[in-house]
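Enquirer: Structure provided below as structure tokens; questions to follow.
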């Protein structure tokens, strides 16, 4: 586990989170008016959440966590970013949605929680989460330890095949990196601005312009085999593995078409898997 790199990532995410939220308008009003940031894909994977305890790992600024609470879950969100968790606390208060948020490296949080008695019906993470993990086996063991018997792990994320290409779809990077970090000196970008991401059907806000992150960042590009194998090695039973030909809101390449909150490759391009989902049970 590379906690030294995790700490650098924390600084970079602290800066980027401010820019990201500047484009999303009055988020508390969005939630008070019944808004949700969830997509049909994760709603279908998660199923009925009424009355279930749900742990949201790498919850960022809490928008999805609060949307899950709105579906009846008792939610706990954990993230390494101080800025993101402070925003999540305030948003939950302003939107009057009950939720618990804790600022901690997920590895430390999972280890600490495993030593106690708290256990969860569902552990969930999504959309750009797994690439920040420096040790998949330790992560999967931590998830297994905090799940109740019969509890489920659910993730939906951008496909690791995307990590092979730059924004022009030129193949630049290895698929098999064996957990070695990639360092980006320009840090976490303002991808919310780059993809014009909004909250549901609300209008995009201009917010912070020409964002430059002063802190570098480190990613770990794990393949599908690495992810599945870590869950199996931890004793979880795989129940589904799906791949998708589109991304939800995030635009990884310049040449793409936008259809109802999905980004697709343009017509005439050979298709690629752009997202995947995994469900597993303890």
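In my numbering, the protein residues as written are 173 to 454. Note that CB positions come from ideal geometry on N, CA and C, so glycine has one too.
1. Going along the chain, which residues of its own chain have a beta-carbon closer than 7 Å to the beta-carbon of residue 269, five neighbours each way excluded?
2. Using a Cβ distance threshold of 8 Å, determine whether the stretch 420-435 contacts the stretch 333-342, with at least three qualifying pairs required.
3. Can you list, in chain order, the stretches of the alpha helix (DSSP H) that have 4 or more residues and sit fully within the stretch 280-326?
4. Could you tell me how far apart the beta carbons of residue 229 and residue 245 are, in whole angstroms, since I believe they sit closer than 8 Å?
5. Locate the beta strand (DSSP E) running through residue 389, then write down its first and last residues.
6. Based on Cα-Cα distance, which residue from 343, 254, 314, 184 lies nearest to residue 290?
7. What separation, rounded to the nearest whole angstrom, lies between the Cα atoms of residue 231 and residue 263?
8. Under the criterion of a Cβ to heavy atom distance below 7 Å, does residue 229 qualify as lining the ligand SAH?
9. Looking only at its own chain, which residues have a Cβ that is under 6 Å from the Cβ of residue 356, when we skip the five neighbours before and after it?
10. Between residue 282 and residue 399, which are expected to be in contact by the criterion C-beta below 8 Å, what is the C-beta distance as a whole number of angstroms?
11. So within the stretch 199-225, which uninterrupted alpha helix (DSSP H) runs reach at least 4 residues, ignoring any that extend past its ends?
12. Under the rule that 16 or more other beta-carbon atoms within 10 Å means buried, what is residue 431, buried or exposed?
13. Could you check which residue in 259, 277, 278 has the C-alpha nearest to that of residue 271?
14. In its own chain, which residues sit with a C-beta less than 6 Å from the C-beta of residue 402, not counting the 5 before and 5 after it?
15. Taking its Cβ as the centre, do 16 or more other Cβ atoms sit within 10 Å of residue 332, making it buried, or is it exposed?
16. Count the C-beta pairs between the stretch 364-371 and the stretch 348-355 that are closer than 8 Å, then say yes if the count reaches three, no if not.
17. Rounded to a whole number of angstroms, what is the C-alpha to C-alpha distance between residue 321 and residue 226?
18. Which value, in whole angstroms, describes the spacing of the CA atoms of residue 205 and residue 418?
19. What's the C-alpha gap between residue 296 and residue 191?
20. Taking the C-alpha atoms as reference points, what is the distance between residue 391 and residue 254?
Expert: Working from what's here:
1. Only 203, 238, 241, 242 meet the Cβ criterion.
2. yes
3. 308-318, all fully within the stretch 280-326.
4. Residue 229 to residue 245, Cβ: 14 Å. No contact.
5. 389-392 is the span of the beta strand (DSSP E), which, as asked, contains residue 389.
6. 314
7. 13 Å
8. With respect to the ligand SAH, the structure shown offers nothing to examine, as it has no ligands at all.
9. 389
10. In fact, because the Cβ distance is near 16 Å, the residues do not count as touching under 8 Å.
11. 199-204, 212-218
12. exposed
13. 259
14. Once the five neighbours on either side are set aside, the close Cβ partners of residue 402 are 308, 309, 312.
15. buried
16. no
17. 14 Å
18. 29 Å
19. 25 Å
20. 19 Å
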